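Visitor: The opening residue of the sequence shown carries number 1117 in my numbering; numbering runs sequentially from there. Can you read through this structure? Questions will come right after.
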Amino acid sequence: MQQKQNREAPSVPEDVRVYAIGDLHGRLDLLRQLLDKISIDSASRGARRNKIIFLGDYIDRGGDARTLLDFISTGPVDGFETVYLVGNHEDYLLRFMDDTTIGPQWLKYGGRNTLDNYAITPALAAPGAEDFDGIQEELRRAVPESHLAFLRGLKTWHIEGGYLFVHAGIRPGIPIEQQTRHDLTFSREGFVDCDEDHGYVVVHGHTVHATPEFLPNRINIDTGAFESGTLTCLILEGESQAILQT
């Protein structure tokens, strides 16, 4: 486990150990490995409360979204509080359930993999010739209500002490209560290159980076697990920061 020292780091509430997990994109294999490491770590620390915060993007791109949602929607780790945030990929799926015009954009960014996981293949056809009405109809039949309930219940943001957890980022200068769902699940330009103090250190994923990024105003833990095989967890306790990876 790599230790990250920062004298000016904010803190999380006393006697809580926080584990934030980056973008999964269907990689249940990596999640299981990481949860095993988290369980070992938490057992050795003795914090009164242990909390896992998932930063979203459970589906699309790689792995098996359906199997991962089966697992994660039931609460995968006994003895841990859990917080589940929504990512832009879950947002695509939920919007597509009601609006087929989002289909081409969703497929462009990895939705085809999720459709294949749910065995939605006849209506897919060749790229550019998809029957999106047919895909929507099949998807509505194929996605279990338990998956939809989980996806619809995802939060857009969460605060622990001096940290703000979101999927993608924020619009700088806008209070968190006024940020839109799109701001929190799609932000990149104007956020990742911003050096302003946001009032919190923003912990996020969405923007793939080979290694975790520690900046004064944000921490990025999306290490592209779907293709790199490296799933990253940020550990916070008091003012300490550490990284755990597969």
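Glycine residues also receive a C-beta, built at the ideal position from the N, C-alpha and C atoms. No experiment lies behind these values; they were computed from the predicted model shown.
I'd like to check one pair, Lys1167 with Val1199: are the Cβ atoms closer than 8 Å?
Guide: Cβ distance < 8 Å, so Val1199 and Lys1167 count as in contact.
Visitor: Work out the CA separation of Ser1160 and Ile1218 for me, nearest whole Å.
Guide: Distance between the alpha carbons of Ile1218 and Ser1160 is about 46 Å.
Visitor: For Asp1139, which option in Glu1276, Thr1323, Glu1329 has the closest C-alpha, if you only look at C-alpha atoms?
Guide: For Asp1139, the nearest C-alpha among the options comes from Thr1323.
Visitor: Quick one: what does DSSP say Tyr1135 is sitting in, helix, strand or coil?
Guide: Here Tyr1135 sits in strand by DSSP.
Visitor: Count the other C-beta atoms from every protein chain shown that fall within 10 angstroms of the C-beta of Gln1119, then say buried if there are 16 or more, exposed otherwise.
Guide: Caution applies to Gln1119, whose pLDDT of 44 falls short of 50 and renders its modelled position unreliable; the model cannot decide the point.
Visitor: Cβ of Ile1286 within 8 Å of Cβ of Leu1300?
Guide: Going by C-beta atoms, Ile1286 is nearer than 8 Å to Leu1300.
Visitor: Please go through the same chain and pick out, in chain order, the residues whose beta-carbon is closer than 6 Å to the beta-carbon of Phe1248, but skip the five residues on each side of it.
Guide: Result list for Phe1248: Thr1216, Gly1219, in chain order.
Visitor: In three-state terms, what does DSSP make of Gln1221?
Guide: Residue state, collapsed to three classes: helix.
Visitor: Go through the stretch 1207-1265 residue by residue and report every complete run of the beta strand (DSSP E) that reaches 3 residues or more, in order.
Guide: None, since the stretch 1207-1265 contains no complete beta strand (DSSP E) of that length.
Visitor: My parser needs the beta strand (DSSP E) runs of 3 or more residues fully inside the stretch 1141-1193; what are they?
Guide: 1165-1170, all fully within the stretch 1141-1193.
Visitor: How far does the alpha helix (DSSP H) with Ala1341 in it extend, from its first residue to its last?
Guide: Run containing Ala1341: 1341-1344, per the alpha helix (DSSP H) assignment.
Visitor: Can you list, in chain order, the residues of its chain with a C-beta nearer than 6 Å to that of Gly1108? Leave out the 5 residues immediately preceding and following it.
Guide: Only positions 1117 to 1362 of the chain appear in this structure, which leaves residue 1108 out of reach.
Visitor: Do the CB positions of Val1308 and Ile1335 come within less than 8 Å of each other?
Guide: No, Cβ-Cβ distance for Val1308 and Ile1335 is not below 8 Å.
Visitor: According to the neighbour-count rule (16 or more other Cβ atoms, all chains shown, within 10 Å of its Cβ), is Asp1214 buried or exposed?
Guide: Result: exposed.
Visitor: Between the C-alpha atoms of Asp1338 and Tyr1174, what's the straight-line distance to the nearest angstrom?
Guide: Rounded to the nearest angstrom, the two C-alpha atoms are 12 Å apart.
Visitor: Cα separation between Arg1257 and Thr1327?
Guide: Going from the Cα of Arg1257 to the Cα of Thr1327 covers about 39 Å.
Visitor: Could you tell me if His1363 is buried or exposed, where buried requires 16 or more neighbouring beta carbons within 10 angstroms of its beta carbon?
Guide: This structure does not reach residue 1363, given that the chain is present from 1117 up to 1362, and the question cannot be answered.
Visitor: Helix, strand or coil for Phe1302 per DSSP?
Guide: Looking at Phe1302 - three-state DSSP - the assignment turns out to be helix.
Visitor: If I follow the unbroken beta strand (DSSP E) through Arg1287, where does it start and stop?
Guide: Note, Arg1287: premise wrong, no beta strand (DSSP E); not H, not E.
Visitor: Would you grab the beta carbon distance between Asp1180 and Gly1227 for me? Rounded to a whole angstrom, and I think it's under 8 Å.
Guide: At roughly 14 Å, the Cβ-Cβ gap does not stay under 8 Å, so Asp1180 and Gly1227 are not in contact.
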